Structures are given as structure tokens and as C-alpha cells.
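Residue numbers (the working numbering): 9 to 134.
Here is the structure we will look at, set down as C-alpha cells.
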Amino acid sequence: MIHYKSAINLIIASVSLSGNTSNLHVYSTMSEFVILKAFKVQMKFSNAPIIKEVIWHPPILNWIKCNCDRASLGNPGNSSCGGFFRNSAAIFEGAFAVNLGVQTSLFAELMGAMLAIEIAFHRGWK
9 MIHYKSAINL
19 IIASVSLSGN
29 TSNLHVYSTM
39 SEFVILKAFK
49 VQMKFSNAPI
59 IKEVIWHPPI
69 LNWIKCNCDR
79 ASLGNPGNSS
89 CGGFFRNSAA
99 IFEGAFAVNL
109 GVQTSLFAEL
119 MGAMLAIEIA
129 FHRGWK
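Shown next as C-alpha cells:
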């Protein structure tokens with residue numbers, strides 16, 4: 009029979025060994041920090057996200073430009089699409105956003121483009 013303190017030390021040592029040989033990253037929550045610290049696990053943090061500058065270019069005079077995007081949490085997964093319209097003076101003309109339910113990322117991308125075309129047609133934009 010093993011003493012309970014020995015059992016606790018064995019558990020801590022096993023978790024520490026497993027955690028320190030893992031390639032996974034922590035999520036930087038306080039509760040996760042406290043737990044990993046208690047088990048003597050060295051924390052591996054993710055790299056900071058890369059920030060990329062995006063510059064919007066206006067359309068030619070008297071045109072309307074639509075910028076569309078989509079998101080899909082998984083493929084397939086919960087998906088949505090949206091877009092916004094601006095004229096050549098960069099004045100906001102309208103926007104749309106749609107929850108598509110569980111779909112593929114390709115479906116979400118195509119729906120965004122088709123909805124933008126439908127909205128432009130119904131508003132008489134050529």
C-alpha cells in the first residue's frame with residue numbers, strides 16, 4: 009500500500025513529465041497558469057499573431073466597390089459571410105452579413121460573392 013503523499017508526488021511527477029515533453033501551447037488564462045504551475049509544467053506560449061497592413065483602394069470614379077469576406081469554424085463548420093459597399097469617394101453605401109449555418113468555407117465564400125452581386129443588382133448599381 010502506498011502512502012497518500014507518495015501518491016500525490018507520483019501524480020505531480022507524471023503530469024510534470026508529460027506536460028514538459030508536450031509540444032502544445034498554453035491559452036494564457038489565469039486558471040491554466042495556476043494549474044500548470046502547481047504541476048511544475050514549463051509553459052510554452054504561442055507566438056504573437058502576425059499583423060499585416062491592408063490598404064483599401066477605391067474603385068474608379070462613379071463605381072461602387074464591394075469587399076466581401078467569409079468565416080468558417082471548421083470545414084464544414086459554422087459559417088457566415090458579409091461585405092460592405094463603398095463608392096469612389098470611400099463613402100459607405102451599404103453592408104450585409106449572413107449566418108449560413110454549418111457549411112464549407114467554399115460555400116461561404118461563394119455565397120458572399122453571390123449575395124454582393126444580388127444586392128448590387130437590386131440597388132441598380134452597374
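Virtual Cβ for every residue (Gly too), placed ideally from N, Cα, C.
Given the structure is predicted, the values throughout are model-derived calculations rather than measurements.
Can you tell which of A105, F92, S88 and A46 has the C-alpha that lies nearest to the C-alpha of G27? In terms of Cα proximity to G27, the closest of A105, F92, S88 and A46 is A46.
Over what stretch of residues does the alpha helix (DSSP H) that includes L44 continue unbroken? M38 to A46
Please classify I72: does DSSP put it in a helix, a strand, or coil? strand
Could you tell me whether the region 61 to 72 touches the region 103 to 113, using the rule of 3 or more Cβ pairs below 8 Å? no
What does the Cβ neighbour count give for A116, buried or exposed, with the cut at 16 atoms within 10 Å? buried
If you check the beta carbons only, do K52 and S30 fall under 9 Å apart? yes
First and last residue of the alpha helix (DSSP H) that includes G132? Where G132 is concerned, there is no enclosing alpha helix (DSSP H), given that its DSSP letter is neither H nor E.
What's the C-alpha gap between E135 and F100? No statement about residue 135 is possible, as the shown extent of the chain runs from 9 to 134 and does not include it.
Check the C-beta distance from S88 over to S113 and give it rounded, since I have them as a contact under 8 Å. Incorrect: roughly 11 Å between the Cβ atoms, too far for contact.
Look up S30 in the DSSP assignment and say whether it is helix, strand or coil. The answer is coil: DSSP assigns S30 none of H, G, I, E or B.
For F92, does the three-state DSSP call read helix, strand or coil? strand
What residues in its chain sit with their C-beta under 7 Å from that of S24, if we drop five residues either side in the sequence? F47, K48 and V49
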